[in-house]
Amino acid sequence: MFGFLLRRLAVLIPTFIGVSIIAFSFIRLLPGDPVALLSGERVMSPERHAQISAQLGMDRPMVIQYFDYLGGVLTGDFGTSIVSKKPVLDQFLTLFPATVELSFCAIIIAVALGIPAGIIAAVKRGSIFDQGLMGIALVGYSMPIFWWGLLLIILFSGILQWFPVTGRISLMFYFPQVTGFMLIDSLISGQKGAFASALSHLALPSIVLSTIPLAVIARQTRSAMLEVLSEDYVRTARAKGLSPFRVIGVHALRNAMIPVVTTVGLQVGVMLAGAILTETIFSWPGIGKWILDSVFRRDYAVIQGGLLLIAAIIMTVNLIVDLLYGLVNPRIRH
Amino acid sequence: MADATLTAKAAEPVSSAQMRRQMLKEFWFYFSENRGAVIGLYVFVALVLVAIFASLIAPHSPFEQYRDAVLKPPAWVEGGSWTFVLGTDPIGRDILSRLIYGAQYSLFVGLVVTTLSLAAGIIVGVIAGYYRGWVDTIIMRLMDMILAIPSLLLALVLVTILGAGLNSAMIAIAVTLQPHFVRLTRAAVMAEKSRDYVTAARIAGASPLRLMFRTILPNCTAPLIVQATMSFSNAILDLAALGFLGMGVQPPSPEWGTMLAEAREFILRAWWVVTFPGLAILITVLAINLMGDGLRDALDPKLKRS
Amino acid sequence: MSLLQIDNLTVEFETSTGWFRAVDGVSVSVDKAEVLAIVGESGSGKSVSMLAVMGLLPDTAKITADRMLFEGKDIQSLSGTERRKLIGKDIAMIFQEPIASLNPCFTVGFQIEEVLRIHLGLGKKERRARAIELFKQVGLPNPEERMNAFPHQMSGGQCQRVMIAIAIACNPKLLIADEPTTALDVTIQKQILDLIMDLQARTGMGLIMITHDMGVVAETADRVVVQYKGRKMEEADVLSLFENPKSNYTKALLAALPENATGDRLTTVSAFFDGNPEPAPSAGASAAGAFA
């Protein structure tokens with residue numbers, strides 16, 4: 131298991147260095163002068179240019195610039211926003227909990243509905259349940275989620291007026307951000323109705339963000355389950371006189387979960403991409419919206435830093451998933 | 005007796021054309037058994053025809069602004085008229101005509117992006133899988149990097165570098181999709197490489213190039229075809245997403261995602277300007293995914309038995 | 013009263029080209045402490061009929077029988093729950109691929125204790141003690157340690173011993189062994205066969221040995237049923253089957269045994285057998301003649 135971890139890390143480190151090269155090159159690949167792009171000053175005298183260039187270390191050879199950058203990144207310096215003049219990492223850490231809260235709710239919905247749906251479809255293979263559930267899953271899998279979000283807004287916020295359209299909580303509530311997670315903070319604040327407000331703000335975005343992972347997980351669970359159900363050990367379990375519930379829910383499911391764990395982990399990347407769209411539609415103040423806004427504001431330092439931070443998160447999650455995979459699969463653990 | 009006829013059959017030389025026809029027939033048999041896949045195929049063919057004959061089918065120009073018919077609802081809704089079947093947008097353009105022309109963008113981008121990423125992915129994947137060693141390591145680390153960045157974020161970054169527009173959107177999407185082909189081809193090549201028929205071809209003196217592309221690759225086509233259909237639908241979704249974010253095809257082009265972006269502020273006033281472009285995306289992507297599922301089932305020998 | 017009595021069992025599966033009859037009007041019975049061998053090629057339906065008894069066929073299979081009695085009780089009329097009280101307890105089965113037949117995600121200890129808990133309701137300590145005792149009984153080395161092992165950490169022979177231990181855990185009255193040694197190394201085959209026969213002799217359970225191997229039949233069986241393409245070709249006690257086979261198919265099977273080969277080529281069953289089980293006039297002599 132320890133060797134397995136080391137092997138994964140050995141792959142991870144070069145990948146991270148590679149992504150840092152991509153992020154580093156990004157600014158220099160953009161059309162225009164990188165000094166101007168990073169300082170945000172459009173018009174400057176040659177003296178000023180030289181001054182900023184020296185300040186940013188951009189007058190030095192490219193290789194040294196890269197190692198400077200990498201050194202900065204490793205000590206937590208991801209650059210400074212051109213617009214807000216704040217460190218990129220600080221901004222990221224302020225906004226990240228909002229995205230985590232949203233993604234976490236979405237993945238809970240996706241797993242809680244997707245796995246049972248996949249199991250039912252596999253066990254009742256070919257039945258009306260199977261066809262219905264898998265039909266819905268395929269529609270979900272094909273869904274342009276930005277449109278899906280707009281439809282839900284039309285229906286639930288426009289016509290039915292059940293849920294608010296934007297933001298994380300109603301403006302009438304104000305309390306200090308202790309954890310950054312609105313659901314938790316609203317409970318800590320003890321204000322009446324705050325938690326309900328936070329929850330109702332969270333409902334639509336998390337449904338939208340969960341759509342594709344939910345469909346993928348349901349489809350993957352079904353096919354993993356179908357494969358497992360035809361295995362000899364499932365026949366053995368039945369030959370032991372176990373109840374169908376135990377045969378499916380214990381013997382088959384435990385094995386079917388091995389590939390599903392990997393799928394769920396891969397959905398984290400899918401969700402961070404989906405967060406850009408979802409957060410934009412619902413004005414959710416998370417990192418997805420932050421990155422997109424930075425694209426429009428030409429805040430390239432933020433894009434550069436955000437790119438690397440998001441890639442680092444995805445790589446970390448993938449590492450955790452690999453370890454989990456080892457834990458659920460005894461053949462790797464031993 | 006049954007054995008005797010079998011041997012007799014096997015002894016007859018089977019031409020490759022005959023075999024191909026036989027395989028195609030068998031493939032169609034399994035594919036056509038899947039009702040959804042056949043429906044998907046019909047819808048897809050219809051969409052291709054719509055895209056090709058857009059100028060003949062569309063009742064209006066996609067750009068003409070009917071100033072006296074702004075935000076007309078669809079024909080069957082009160083206040084609508086059959087002149088504008090699906091209504092008009094905020095500046096009086098016919099939505100149906102724009103959707104018809106929009107099919108051209110989606111299908112064109114799907115085709116180009118899939119071809120690009122498939123071709124690049126196969127070449128890189130075969131090289132990685134065939135040569136292994138440091139070439140393989142470098143290629144796979146590169147692919148890991150691309151996969152470590154969410155596809156839409158990477159596409160956004162690339163479009164920022166290349167400048168918003170159709171061409172840069174296509175390149176950006178192709179870059180994000182191609183690692184899947186590389187991984188798939190590499191895995192298939194590695195699995196096939198150790199088979200006896202490859203060893204036999206190598207002993208017979210086949211050149212590495214011939215071995216890679218003539219001997220090994222044709223045996224890896226099934227998963228590649230399935231991945232290609234998935235890439236096709238993903239490309240359409242990604243193009244629409246980029247368009248929706250304002251970083252794809254630029255207005256006034258009638259691209260479906262761009263249409264949605266332009267209509268966003270009217271969602272609570274005129275549901276049709278938002279509903280129909282999205283529905284067009286959904287139907288197209290769904291049809292392709294239905295076909296993809298059918299292809300997968302028909303090509304996957306593991307599922308064939310049942 | 014027979015332990016298991018099946019009359020006129022037919023099993024059909026629906027395929028894309030219509031209904032396929034895997035078992036066609038087969039009648040089988042086993043007495044207490046008797047060893048019955050069902051022998052036939054692959055596809056002869058010998059496993060399918062026993063899977064039908066166990067209720068392990070998929071729902072799509074159509075099973076009909078005039079009678080299917082276990083200790084005089086009609087199995088067919090049992091509800092799912094009642095049937096599950098019977099199988100795994102009074103009727104147990106072991107399979108061909110021992111490693112694949114054990115769940116890779118659970119320890120073998122878990123997999124044997126599960127039966128003890130569900131059928132016998134034993135407590136935690138008793139279960140463990142009984143499981144270790146069973147592992148000892150089937151000749152697993154270091155049974156305490158083995159309890160925590162996963163199937164992939166054990167050899168095929170050891171896995172089959174675990175399967176046997178699970179099968180005999182509740183002292184079954186009937187054990188169905190479906191090609192229990194086919195997937196094992198030749199040296200292990202004999203050990204496993206001896207273990208099964210030893211357990212059978214000691215416990216007096218009925219045993220149905222499904223096999224394609226005439227050698228196994230000769231070594232184990234009291235009585236033999238020969239099956240071909242879903243039909244019963246012949247039923248006889250083991251001595252008269254080998255000395256005086258009645259059906260053409262049995263003759264062909266015996267002639268195809270390697271030790272009966274003459275010259276430098278092995279022969280196949282189909283070289284002798286044209287699908288007609290009844291001896292044609294003077295066929296016996298000509299079959300032997302054709303072979304020489």
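Protein chains in written order, with the numbering used here: chain E, 131 to 464; chain C, 5 to 310; chain A, 13 to 304.
We put the beta carbon where it would ideally sit given N, CA and C, even for glycine.
Own chain residues within Cβ distance below 7 angstroms of residue i, not counting five before or after
i	result
residue 76 of chain A	22
residue 17 of chain A	41, 79 and 81
residue 288 of chain C	51, 110 and 240
residue 82 of chain C	none
residue 167 of chain E	157, 160 and 430
residue 363 of chain E	381
residue 147 of chain A	155, 158 and 177
residue 321 of chain E	303 and 305
residue 200 of chain E	150
residue 6 of chain C	The predicted model places residue 6 of chain C with a pLDDT of 42, which falls under 50 and marks its position as unreliable; any figure quoted below should be read in that light. The answer is none, since no qualifying residue turns up.
residue 427 of chain E	213
Presumed contact (8 angstroms Cβ cut-off) between residue i and residue j, rounded CB distance
i	j	result
residue 165 of chain C	residue 156 of chain E	7 angstroms
residue 105 of chain A	residue 190 of chain A	6 angstroms
residue 418 of chain E	residue 134 of chain E	With 8 angstroms as the limit, residue 418 of chain E and residue 134 of chain E do not qualify as a contact, their Cβ atoms being about 33 angstroms apart.
residue 412 of chain E	residue 295 of chain E	7 angstroms
residue 138 of chain E	residue 248 of chain E	Actually they do not touch by this definition, with Cβ atoms about 27 angstroms apart.
residue 416 of chain E	residue 290 of chain E	That pair is no contact at about 25 angstroms.
residue 228 of chain C	residue 44 of chain C	19 angstroms between Cβ atoms; not a contact.
residue 354 of chain E	residue 389 of chain E	5 angstroms
residue 458 of chain E	residue 394 of chain E	Not quite, the Cβ-Cβ distance comes to about 11 angstroms (not below 8 angstroms), so this is no contact.
residue 198 of chain A	residue 229 of chain A	Not confirmed; about 17 angstroms, so no contact.
residue 117 of chain C	residue 237 of chain C	About 11 angstroms; that fails the 8 angstroms criterion.
residue 303 of chain C	residue 230 of chain C	6 angstroms
Same chain, Cβ closer than 6 angstroms to residue i, neighbours up to 5 away in sequence not counted
i	result
residue 304 of chain A	Any reading at residue 304 of chain A is ruled out, since the residue's pLDDT is 32, under 50, leaving its predicted position unreliable.
residue 193 of chain A	201, 204 and 205
residue 74 of chain A	24
Under 9 angstroms between C-beta atoms of residue i and residue j
i	j	result
residue 196 of chain A	residue 116 of chain A	no
residue 125 of chain C	residue 188 of chain C	yes
residue 337 of chain E	residue 271 of chain C	no
residue 299 of chain E	residue 316 of chain E	yes
residue 348 of chain E	residue 264 of chain E	yes
residue 226 of chain E	residue 170 of chain E	no
residue 208 of chain A	residue 187 of chain A	yes
residue 98 of chain C	residue 134 of chain C	no
residue 218 of chain E	residue 436 of chain E	yes
residue 175 of chain A	residue 366 of chain E	yes
residue 162 of chain C	residue 143 of chain C	no
residue 101 of chain C	residue 258 of chain C	yes
Same chain, Cβ closer than 8 angstroms to residue i, five either side skipped, listed in chain order
i	result
residue 444 of chain E	398, 399 and 402
residue 61 of chain C	54 and 104
residue 107 of chain A	113, 175, 190, 191 and 192
Interface partners of residue i on chain F, CB under 9 angstroms
i	result
residue 107 of chain A	Of the protein chains in this structure, namely E, C and A, none is chain F.
Could you say if the segment 275–285 of chain C and the segment 265–281 of chain E meet the contact criterion of at least three C-beta pairs nearer than 8 angstroms? In this structure the segment 275–285 of chain C touches the segment 265–281 of chain E; the number of beta carbon pairs closer than 8 angstroms is three or more.
Secondary structure, alpha helix (DSSP H): runs of 4+ residues fully inside the segment 165–204 of chain A: DSSP runs (the alpha helix (DSSP H)) wholly in the segment 165–204 of chain A: 168–180.
Three-pair Cβ contact test at 8 angstroms for the segment 213–223 of chain A versus the segment 44–54 of chain A: A contact exists between the segment 213–223 of chain A and the segment 44–54 of chain A.
List, from N- to C-terminal side, the beta strand (DSSP E) runs of 3 residues or more that fit wholly inside the segment 66–92 of chain A. The qualifying runs are 74–76 and 79–82.
At what residue ranges does the segment 124–159 of chain C contain a whole run of the alpha helix (DSSP H), taking only runs of 4 or more? Counting only runs of 4 or more, we get 137–152.
Jot down the residue ranges of each uninterrupted alpha helix (DSSP H) in the segment 179–261 of chain E, minimum 4 residues, whole runs only, in chain order. Counting only runs of 4 or more, we get 192–204 and 218–253.
At which residue ranges does the segment 37–92 of chain C contain complete alpha helix (DSSP H) runs of 4 or more residues, listed in the order of the chain? List check, alpha helix (DSSP H) in window: 39–56 and 58–61.
Sufficient close CB pairs (3 or more, under 8 angstroms) joining the segment 56–65 of chain A to the segment 13–28 of chain A: These segments touch.
Pair every Cβ in the segment 83–97 of chain C with every Cβ in the segment 229–244 of chain C, then say whether three or more of these pairs are closer than 8 angstroms. They do not touch, by the three-pair rule.
Count the C-beta pairs between the segment 189–204 of chain C and the segment 116–130 of chain C that are closer than 8 angstroms, then say yes if the count reaches three, no if not. Short answer: they touch.
For the segment 178–226 of chain C, which segments carrying the alpha helix (DSSP H) assignment without a break, of at least 4 residues, lie completely within its bounds, in sequence order? Taking only runs of at least 4 residues, the alpha helix (DSSP H) segments lying wholly in the segment 178–226 of chain C are 200–207.
Could you check whether the segment 19–37 of chain C touches the segment 420–430 of chain E, counting it as contact only if at least three pairs of C-beta atoms, one from each stretch, sit closer than 8 angstroms? At 8 angstroms Cβ cutoff, the stretches do not touch.
Quick check on the DSSP output: what are the complete alpha helix (DSSP H) runs of length 4 or more inside the segment 259–285 of chain E, in order along the chain? Taken in chain order, the complete alpha helix (DSSP H) segments of 4 residues or longer contained in the segment 259–285 of chain E are 275–282.
At least three beta-carbon pairs within less than 8 angstroms, the segment 136–145 of chain A to the segment 94–101 of chain A: The answer is no - the segment 94–101 of chain A does not touch the segment 136–145 of chain A, with fewer than three Cβ pairs under 8 angstroms.
Output the residue ranges of the alpha helix (DSSP H) runs that lie fully inside the segment 385–438 of chain E and measure 4 residues or longer, sorted by chain position. DSSP runs (the alpha helix (DSSP H)) wholly in the segment 385–438 of chain E: 417–427.
Does the segment 176–183 of chain C touch the segment 179–196 of chain E, meaning 3 or more C-beta pairs lie closer than 8 angstroms? Short answer: they don't touch.
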